[in-house]
Each structure stands twice: as structure tokens, then as C-alpha cells.
Amino acid sequence: MRLAAALLPLLLLAGAPVMADSLRCGSRLISSGDTTNDALERCGAPVDRSYLGTRIVVGDWGQREEVRVEEWIYGPWNGMLYFVRFQGNRLDSIQSKRSN
1 MRLAAALLPL LLLAGAPVMA DSLRCGSRLI SSGDTTNDAL ERCGAPVDRS
51 YLGTRIVVGD WGQREEVRVE EWIYGPWNGM LYFVRFQGNR LDSIQSKRSN
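The letter at position 27 of the sequence shown is residue 27 when you use the numbering used here, and the numbering goes up by one with no holes.
So this is what it looks like as C-alpha cells:
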């Protein structure tokens with residue numbers, strides 16, 4: 001019974017998306033903070049590109065700026081899909097998920 005209880009969280013995490021700070025595209029790499037042009041140059045065109053809306057970002061000095069939020073999908077590469085999110089033309093996050 002204890003073994004089953006210990007394994008349950010691991011089984012639940014197996015289907016969850018994984019966060020990453022960088023994505024390898026062949027021999028090149030994109031990382032948090034890179035621009036959309038960097039991603040296009042290093043990884044090529046995504047298989048899907050979605051506009052998710054805008055977000056208000058507050059800067060270090062309290063200034064408010066509305067930025068565009070996009071999600072690009074790359075893959076499947078080795079059975080994985082990669083979801084690359086940009087805020088204000090800068091790479092904000094990368095998630096991966098096994099493709100079905």
C-alpha cells in the first residue's frame with residue numbers, strides 16, 4: 001500500500017507538460033529572453049503559431065506596457081511537441097509534451 005501511495009504522484013506527473021529554459025533545434029539553441037527572430041533563425045518556422053492576446057507588464061520603475069503574447073508549436077521531434085511562448089517579442093517559456 002505504501003509503495004502505491006509513493007508512486008501515485010509520479011504517475012500523475014507523467015502526463016503533465018514539462019517546463020524548460022531552452023530548446024535545442026538541431027545544433028542550435030533558443031533560450032528565455034531570445035527574440036522571435038532568433039527562434040525563426042535557429043529553429044525555422046513553427047508548425048503552428050497562435051496569437052493568445054495581450055498582457056499588461058509592469059516594469060522596474062512602475063511603468064505599464066501592453067505586450068503581445070504568442071505561442072509557437074514545434075515538432076513533433078522524437079515524439080515530443082514543444083510549446084514556445086513569447087511575450088512582447090521575447091521568449092518567456094518553453095513547455096514540452098509527448099505527442100499522441
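Built from N, CA and C at the ideal position, the CB exists for glycine as well. Please read these numbers as outputs of a predicted model, since none were measured by experiment.
- Below 8 Å, too few C-beta pairs join the segment 20-30 and the segment 55-68 to call them touching: fewer than three.
- Put simply, the backbone Cα of GLY53 is about 13 Å away from that of TRP72.
- Under the three-state reduction of DSSP output, ASP38 falls in the helix class.
- Pairing LEU91 with GLY44 gives a Cβ-Cβ distance that is not under 8 Å.
- In the DSSP annotation of this structure, the continuous segment of the beta strand (DSSP E) that includes ASP92 starts and ends at 90-98.
- The straight-line gap separating the alpha-carbon atoms of ASP60 and GLY88 is approximately 16 Å.
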